[in-house]
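Comments concern the structure below.
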Amino acid sequence: MAVPVAGKRPRRPGRLKRLSPLGLLGVALLSLAGLLYLYPLFWLLDASFRRAVDIFQFPPALFREPLLTALRGYTLESFRHAFGHWHVGWAFGVSVLTTLAGIALTLLVCSLAAYAFAFLEFPGRRALFAAILASMMLPMTTMITPFYRVLRSLGLTNNLLGLIIPYAASAFGVFLLRQYFIKIPRSFMEAAKVEGAGHLRIWWSIILPLSRPALAALAIVQFRAIWNDFLYPMIILRSESLFTLPVRIQVMDSQNFNKPYDAIISAGFITALVPMIAFLVFQRQFIEGLAGGIKE
Amino acid sequence: MFTSAAQPPLPAAQTHPRRRRGRDALGGWAMVAPFLILLLVFNLYVFGSGLYLSLTDQQGINAGDFVGLENYRDLLFADEFKAQDLYRAIGTTFLYTLGCLATQVPVAFALAYVLNTIPFRRLRTALRAAFFLPVLINTVVIALLFRMFFNRDQGIVNQLLGALGLPSHVDWLMNSQWALPLLVVVSFWQWTGFHTVYFLAQLQTIDPALYEAARLDGITPFGALLRITLPLMRPAITFVMVTAAIGGLQMFDLVFMLFPNATYGPGGVAKTLVAYIYDQGFSQQFLTGVASAIGWITFLIIAAVSILQLRVLGLGKHGEA
Numbered sequence: 131m132a133v134p135v136a137g138k139r140p141r142r143p144g145r146l147k148r149l150s151p152l153g154l155l156g157v158a159l160l161s162l163a164g165l166l167y168l169y170p171l172f173w174l175l176d177a178s179f180r181r182a183v184d185i186f187q188f189p190p191a192l193f194r195e196p197l198l199t200a201l202r203g204y205t206l207e208s209f210r211h212a213f214g215h216w217h218v219g220w221a222f223g224v225s226v227l228t229t230l231a232g233i234a235l236t237l238l239v240c241s242l243a244a245y246a247f248a249f250l251e252f253p254g255r256r257a258l259f260a261a262i263l264a265s266m267m268l269p270m271t272t273m274i275t276p277f278y279r280v281l282r283s284l285g286l287t288n289n290l291l292g293l294i295i296p297y298a299a300s301a302f303g304v305f306l307l308r309q310y311f312i313k314i315p316r317s318f319m320e321a322a323k324v325e326g327a328g329h330l331r332i333w334w335s336i337i338l339p340l341s342r343p344a345l346a347a348l349a350i351v352q353f354r355a356i357w358n359d360f361l362y363p364m365i366i367l368r369s370e371s372l373f374t375l376p377v378r379i380q381v382m383d384s385q386n387f388n389k390p391y392d393a394i395i396s397a398g399f400i401t402a403l404v405p406m407i408a409f410l411v412f413q414r415q416f417i418e419g420l421a422g423g424i425k426e
Numbered sequence: 008m009f010t011s012a013a014q015p016p017l018p019a020a021q022t023h024p025r026r027r028r029g030r031d032a033l034g035g036w037a038m039v040a041p042f043l044i045l046l047l048v049f050n051l052y053v054f055g056s057g058l059y060l061s062l063t064d065q066q067g068i069n070a071g072d073f074v075g076l077e078n079y080r081d082l083l084f085a086d087e088f089k090a091q092d093l094y095r096a097i098g099t100t101f102l103y104t105l106g107c108l109a110t111q112v113p114v115a116f117a118l119a120y121v122l123n124t125i126p127f128r129r130l131r132t133a134l135r136a137a138f139f140l141p142v143l144i145n146t147v148v149i150a151l152l153f154r155m156f157f158n159r160d161q162g163i164v165n166q167l168l169g170a171l172g173l174p175s176h177v178d179w180l181m182n183s184q185w186a187l188p189l190l191v192v193v194s195f196w197q198w199t200g201f202h203t204v205y206f207l208a209q210l211q212t213i214d215p216a217l218y219e220a221a222r223l224d225g226i227t228p229f230g231a232l233l234r235i236t237l238p239l240m241r242p243a244i245t246f247v248m249v250t251a252a253i254g255g256l257q258m259f260d261l262v263f264m265l266f267p268n269a270t271y272g273p274g275g276v277a278k279t280l281v282a283y284i285y286d287q288g289f290s291q292q293f294l295t296g297v298a299s300a301i302g303w304i305t306f307l308i309i310a311a312v313s314i315l316q317l318r319v320l321g322l323g324k325h326g327e328a
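Chains A and B are the protein sequences, given in the same order. Positions in the first sequence are counted from 1; adding 130 to them yields the numbering used here. Positions in the second sequence are counted from 1; adding 7 to them yields the numbering used here.
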């Protein structure tokens, strides 16, 4: 009774002291490991600004030459090569377009369904929701052949719509949003109902604005999935003008003579950079979205 | 499965709340409809038509004939070459998945455990971010990066080994013994931080008072790890194991891009099941029927593994109505 709250309350003064010297060493080593872990990304960043002949030098100029000399060696040549000769800029635009459209359609379709599962009583609701949850486990990559046939019979192969629409069938999205919706106090909706607002109205002007965090989390999950998808776009697209960034990179890599390493690396750098920037800006939503499946 | 979609809503009702229910029913189905149609067309119908295709000898754009279980028979035992390829792909895929689970899950757990003890919040967040970043990067890019790193003459791996005075002329990408370990290594780099995030999220839900009580009872930190942390982490461990296995068994991008020219490793030693599907269905002969059969075999394998894992590991208290 004399020592009740000793361990919990006073966090401020002694955070450093709570670590033994050994613990401190551990933290330092772990930090070093974290830095080393990112070495491939540093390499990618550095290499994409090097001339083609310098890319594979070892050790890299940064570790070999004085810093200033090393930095002076940077050039945009590889980007010029990638954009000028390999149409990476166009592929970037296609990737941005399909990703944004895919996210928008997912949010629309999934939030409508989630609203119904959260607030409406309709026959078969429970069974249907359970079936949708189960469909989350379906390994879709095993079905690339029939998937391609289905898209072709719908006229969606070699068509950007074929890259956008199927993503909206996200069972995870319905699940994530529904879990958020059911926590919204019903009182918010009652007032609107009394004024005669229909479900669509309530969904659009009350529930969606209140659910921005969940919508953001879902948007981010979809962003990562669509931006990085490779197998589907590769089998669906034929025309070079529709190729997304990963497919474009694969085409560049399939060049057997004079493989354009510099252009591949700078295109890869751009492909990697976009989600990393998004992550640094939306770190919390990223973690919440990806950990969403396990939160409950 | 969804036949209830066609049934009329519950009989219209007498009382007021009942009538509201009837209106809800229509509205409910209407709001679910767009999602449901997409799910039916792009998921369930795809699986169904895959099953049908797997019973035909369809090739390319020719509508094939119904051949019953012939594709399955060929793949499983009748056709020597196909069967050999299938069993090799199954073996490769399982070894790869086992390798991934055995390396990533324990390390991710340990990493989360250690990160959770770091008392500096900012450093903890920064380290979590560092280990998480590779998850965001396109597998195509990662595979190409590591292909360059493992290059015999110019790759950083051999250069480093040489600088340390170790044997530095291993041709990693052309040596069939190294194909699977390389894939496991790259996958480790890409995914461990992802699992760490799940573990860390779950660790942070554990009430510190439990550890305090254990300490007062004279339980060592290691005892607390075994008796408090691990049991409470079971849902997260199960979740990570199941999703990692489902992902590993479907691996394609990595092996397709890590080895040059879609060779799937020297002599195709690292051809996974999905790579086998792609090979049969989308390159050279376009054997749609055969590819669909391999697809269904793969699907059944994945389903069996998932069910087995859930049985053995248990769901714990995960999930709610």
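For every residue, glycine included, the Cβ atom is placed at its ideal position computed from N, Cα and C. None of these values were measured; they are calculated from a predicted model.
So with Cβ pairs under 8 Å, would you call V239/A a contact of chain B?
-> Closer than 8 Å to some Cβ of chain B, the Cβ of V239/A qualifies, so yes.
Closer than 7 Å at the beta carbon, the chain A residues around V204/B | Taking a Cβ-Cβ cut-off of 7 Å, the neighbours of V204/B in chain A comprise I417, L420 and A421, given in sequence order.
Between which two residues does the alpha helix (DSSP H) containing M382/A stretch?
-> Bounds of the alpha helix (DSSP H) holding M382/A are L375 to D383.
Simplified DSSP assignment, three categories, for Q291/B = If DSSP states are grouped into helix, strand and coil, Q291/B belongs with coil.
Using 8 Å as the Cβ pair cut-off and three pairs as the minimum, do the segment 350 to 370 of chain A and the segment 238 to 255 of chain B touch?
-> These segments do not touch.
Show which residues of chain A have a CB atom less than 8 Å away from the CB atom of S56/B.
-> The contacting residues are P276, R279 and V280.
Given a limit of 9 Å on CB to CB distance, which residues of the segment 246 to 272 of chain A reach chain B?
-> Using a CB distance below 9 Å, the part of the segment 246 to 272 of chain A facing chain B consists of A246, F247, F249, L250, E251, F252, P253, G254, R255, R256, A257, L258, A261, I262, L263, S265, M267, L268, P269, M270, T271 and T272, ordered along the chain.
Extent of the continuous alpha helix (DSSP H) run through S283/A | Judged by DSSP secondary structure, S283/A falls within the alpha helix (DSSP H) whose first and last residues are I274 to S283.
Proximity to R210/A [Cα-Cα], best of R180/A, T199/A, A191/A and Q187/A | Across the set R180/A, T199/A, A191/A and Q187/A, the C-alpha of R180/A shows the shortest separation from the C-alpha of R210/A.
Who are the near neighbours of A397/A in its chain, counting only those whose CB is closer than 6 Å to its CB and skipping five residues on each side?
-> Contacts found: A212, V218 and I379.
The segment 299 to 310 of chain B touching the segment 128 to 144 of chain B, judged by at least three CB pairs closer than 8 Å = Counting Cβ pairs under 8 Å, fewer than three are found: no touch.
Determine the DSSP secondary structure at Q197/B, reduced to helix, strand or coil.
-> It is helical.
Is the segment 234 to 249 of chain A touching the segment 283 to 297 of chain B in the sense that three or more CB pairs, one from each, lie closer than 8 Å?
-> Result no; under three Cβ-Cβ pairs closer than 8 Å.
Check each candidate in L76/B, A208/B, K278/B and V262/B and name the one with the smallest Cα separation from V192/B.
-> Nearest C-alpha to V192/B: V262/B.
Please confirm whether F156/B and I163/B have their CB atoms less than 8 Å apart.
-> By the CB criterion at 8 Å, F156/B and I163/B fall inside the cutoff.
Cβ-Cβ separation, A300/B to Y79/B (assumed contact under 8 Å), whole Å = At roughly 5 Å, the Cβ-Cβ gap stays under 8 Å, so Y79/B and A300/B are in contact.
Figure out for me which residue from L143/B, P273/B and L223/B has the closest Cα to the Cα of Q413/A.
-> Here the closest residue by C-alpha is L143/B.
By how many angstroms is the C-alpha of V183/A removed from the C-alpha of A177/A?
-> Going by C-alpha positions, A177/A is about 10 Å away from V183/A.
Taking DSSP as the reference, what is the three-state secondary structure of Q21/B?
-> Reliability fails at Q21/B, whose pLDDT of 37 lies under 50, so the model's placement of it is uncertain and no value is given.
Are any of the Cβ atoms in chain A nearer than 8 Å to that of M8/B?
-> At M8/B, the pLDDT of 33 sits below 50, so the modelled position is not reliable and the matter cannot be decided from this model.
Quick one: does M319/A have its CB under 8 Å from some CB of chain B?
-> Proximity of M319/A to chain B, defined by a Cβ-Cβ separation below 8 Å, is not satisfied.
Would you grab the beta carbon distance between S225/A and L410/A for me? Rounded to a whole angstrom, and I think it's under 8 Å.
-> In fact, because the Cβ distance is near 19 Å, the residues do not count as touching under 8 Å.
For F188/A, which residues from the same chain have a beta carbon less than 8 Å from its beta carbon, with the 5 sequence-adjacent residues on both sides left out?
-> Within the same chain, F188/A has no close Cβ partners at all.
Which ranges would you report for the alpha helix (DSSP H) in the segment 91 to 144 of chain B if only whole runs of at least 4 residues count?
-> The segment 91 to 144 of chain B contains these whole alpha helix (DSSP H) runs: 128 to 139.
Taking Cβ-Cβ distances shorter than 9 Å, what residues in chain A pair up with P41/B?
-> Near P41/B (Cβ distances below 9 Å), the residues of chain A are L238, V239, L242, A243 and A298.
Go through the segment 247 to 308 of chain B residue by residue and report every complete run of the alpha helix (DSSP H) that reaches 4 residues or more, in order.
-> If only uninterrupted alpha helix (DSSP H) runs of at least 4 residues are considered, those enclosed by the segment 247 to 308 of chain B are 260 to 265 and 280 to 289.
Against chain A: residues of the segment 280 to 297 of chain B by CB proximity under 8 Å | Listed by position, the residues of the segment 280 to 297 of chain B near chain A (Cβ gap below 8 Å) are L280, V281, I284, Y285, G288, F289 and T295.
Supposed close pair A252/B, L102/B - CB separation, criterion 8 Å | Not really, about 13 Å apart at Cβ, beyond 8 Å.
DSSP bridge partner residues for Q413/A (one or two, in chain order) = By DSSP's assignment, Q413/A forms no beta bridge with any residue.
Drop a sphere of 10 angstroms on the beta-carbon of F193/A, count the other beta-carbons inside from all chains shown, and report buried for 16 or more, exposed for fewer.
-> Here F193/A is exposed, its C-beta having fewer than 16 other C-beta atoms within 10 Å.
So is T104/B in contact with chain A if we call contact Cβ pairs under 8 Å?
-> Contacts with chain A at 8 Å (Cβ-Cβ) do not include T104/B.
Contact set between W185/B and chain A, taken where Cβ atoms lie within less than 9 Å | Simply none; closest approach about 18 Å.
With 16 other Cβ atoms within 10 Å as the buried cut-off, status of S290/B = With fewer than 16 Cβ atoms within 10 Å of its Cβ, S290/B is classed as exposed.
Can you tell me which of the three DSSP states F188/A falls into?
-> The three-state reading of DSSP puts F188/A in coil, since its state is none of H, G, I, E or B.
Members of the segment 347 to 367 of chain A that neighbour chain B once the beta carbon cut-off is set at 7 Å = Result list: R354, N358, F360, L361 and I365.
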